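All remarks here apply to the structure that follows.
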Ligand code: EPU
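Numbering (my numbering), first residue to last: 287 to 712.
Printed below as a string of structure tokens:
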């Protein structure tokens with residue numbers, strides 16, 4: 287699915303970090319807003335502070351595939367969407383088959399075209415645990431969900447408000463059902479909603495468009511359906527995961543880094559865990575200073591929905607644990623099988639042990655460069671961080687997976703004094 291040549295990251299460790307870095311706009315808010323902008327029949331949506339990452343490019347391609355006119359002005363990090371004429375209700379297999387966020391386009395297609403087809407996701411997906419909350423919610427709102435051999439077809443039927451619930455506070459599920467309810471006549475209540483800051487930013491965006499949503503951030507959201515939503519301008523919030531990754535880069539390499547556009551409040555428990563490890567923070571408005579000049583202490587981490595420790599930062603903190611004096615305990619509770627990093631860190635000299643449903647990181651261990659595999663986005667960025675503290679050269683591939691979620695990683699780390707390049711694989 288890469289749009290360009292295959293790449294890899296080459297990291298030469300040992301340099302402490304010093305300087306200023308700009309935090310990107312939030313991936314997990316921007317993707318939802320691109321999909322939500324298709325709910326507006328008139329006008330042009332302007333989204334600012336959109337991260338220049340591969341997942342945003344995929345979302346743009348998907349919007350274009352259904353007929354929206356979308357321009358991504360990458361240098362300005364600004365996206366302009368004209369969705370006045372949607373021409374296709376089909377989310378094509380070449381994108382939808384590998385980009386899970388495709389399901390976020392269903393509400394707009396249902397309301398605008400009366401149906402949506404997601405191709406290439408395979409027959410077994412309908413009942414799978416990953417997207418069942420979404421489909422069950424659409425069905426409770428009155429849609430007819432039809433699972434076929436290689437695609438899912440959803441017909442609007444008579445959409446109307448309903449009482450919905452989520453078995454667990456799904457991040458995307460919450461946003462998707464709020465979008466679907468925004469134009470459904472009547473009142474929808476959604477129980478057990480996600481509390482992530484990105485959900486609140488998506489609610490703020492939809493509210494500007496004219497949606498009537500209350501209860502964001504409480505776990506219990508009420509949506510009064512409205513007749514139409516209009517195109518608006520919005521600035522995407524800062525990416526708390528990107529900010530925390532750069533904070534952890536400073537912790538990994540040592541030194542002092544200034545993050546522009548980071549909110550410590552959006553870190554949730556991550557802030558307290560990093561402080562316990564010995565990382566120091568100082569805030570000056572939207573400027574966050576991060577310093578690490580002492581031996582790191584070990585940590586216990588259990589991932590959980592916001593404000594708990596973010597699953598997306600579980601890999602980076604596992605890498606950080608390798609430098610701590612003592613044994614760190616890490617347990618993932620959101621996703622199965624998010625421990626692929628352990629084996630890769632061990633190739634670099636770490637002592638990471640998968641023990642049942644938890645991971646023990648025995649530190650400190652000197653890390654050395656190695657050729658390692660980015661199994662997914664967060665494993666990839668964690669390996670780049672590990673490379674910052676390793677002796678010699680670390681090669682992380684494929685680079686594409688890191689570029690899915692973090693913009694200009696090599697140049698931003700280089701600005702801080704690190705030796706990181708992204709190069710094309712011959
Ligand atoms: N789940 C279901 N059924 C559903 C939906 C979710 O069983 O219908 C389960 C999932 O299998 C998982 C758990 O519920 O075990 C939580 O999933 P959730 O729906 O909250 O995750 P998501 O919305 O699909 C978003 C982010 C992820 C981030 C999680 C948790 C986006 C596009 N993705 O995923 O981001 O890890 O929330 O905060 O917003 C990443 O950026 O690297 C990433 C994976």
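Cβ coordinates follow ideal geometry from the N, Cα and C atoms, glycine included.
What you are looking at is a predicted structure, and each value in this text was computed from that prediction instead of being measured.
Beta carbon of residue i nearer than 8 Å to that of residue j
i: residue 398; j: residue 517; result: no
i: residue 728; j: residue 524; result: Any answer about residue 728 is impossible in this case: the structure gives the chain only from 287 up to 712.
i: residue 445; j: residue 396; result: yes
i: residue 376; j: residue 440; result: no
i: residue 685; j: residue 662; result: no
i: residue 554; j: residue 594; result: yes
i: residue 423; j: residue 470; result: no
i: residue 607; j: residue 584; result: yes
i: residue 338; j: residue 360; result: yes
i: residue 307; j: residue 532; result: yes
i: residue 670; j: residue 295; result: yes
i: residue 647; j: residue 604; result: yes
i: residue 353; j: residue 323; result: no
i: residue 668; j: residue 591; result: no
i: residue 509; j: residue 496; result: no
i: residue 442; j: residue 472; result: no
i: residue 463; j: residue 450; result: yes
i: residue 703; j: residue 688; result: no
i: residue 292; j: residue 711; result: yes
i: residue 476; j: residue 460; result: yes
i: residue 539; j: residue 301; result: yes
i: residue 626; j: residue 680; result: no
i: residue 628; j: residue 578; result: no
i: residue 636; j: residue 619; result: no
i: residue 556; j: residue 599; result: yes
Cβ-heavy atom distance, residue i to the ligand EPU, below 7 Å
i: residue 313; result: yes
i: residue 387; result: yes
i: residue 487; result: no
i: residue 666; result: no
i: residue 403; result: no
i: residue 456; result: yes
i: residue 340; result: no
i: residue 620; result: yes
i: residue 597; result: yes
i: residue 691; result: yes
i: residue 269; result: No answer is possible for residue 269: the residues shown for the chain start at 287 and end at 712.
i: residue 238; result: Because the chain here runs from 287 to 712, residue 238 falls outside it and cannot be looked at.
i: residue 347; result: no
i: residue 554; result: no
i: residue 649; result: no
i: residue 316; result: no
i: residue 635; result: no
i: residue 480; result: yes
i: residue 417; result: yes
i: residue 685; result: no
i: residue 459; result: yes
i: residue 396; result: no
i: residue 663; result: yes
8 Å Cβ cutoff, residue i in contact with chain C
i: residue 676; result: The chain inventory of the structure shown lacks chain C, comprising one protein chain alone.
Residues sharing a beta bridge with residue i, DSSP
i: residue 323; result: Residue 323 pairs with nothing; no bridge assigned.
i: residue 637; result: 648
i: residue 441; result: 401 and 430
i: residue 307; result: 545
i: residue 450; result: 476
i: residue 293; result: 710
i: residue 332; result: 366 and 519
i: residue 298; result: 679 and 705
* For the segment 458-531, list the beta strand (DSSP E) runs that are entirely contained and at least 3 residues long, ordered along the chain. => 473-477, 498-500, 506-510 and 519-521
* **Unbroken stretches of the alpha helix (DSSP H), 4 residues or longer, contained in the segment 335-416** => 340-351, 379-382 and 392-399
* Run through the segment 646-710 for me and flag every whole beta strand (DSSP E) of 3 or more residues, listed as ranges in chain order. => 657-659, 679-683 and 705-710
* To do: Please specify which runs of the beta strand (DSSP E), each continuous and at least 3 residues long, are wholly inside the segment 558-620, giving them in chain order.
  => 566-570, 573-578, 586-588 and 612-617
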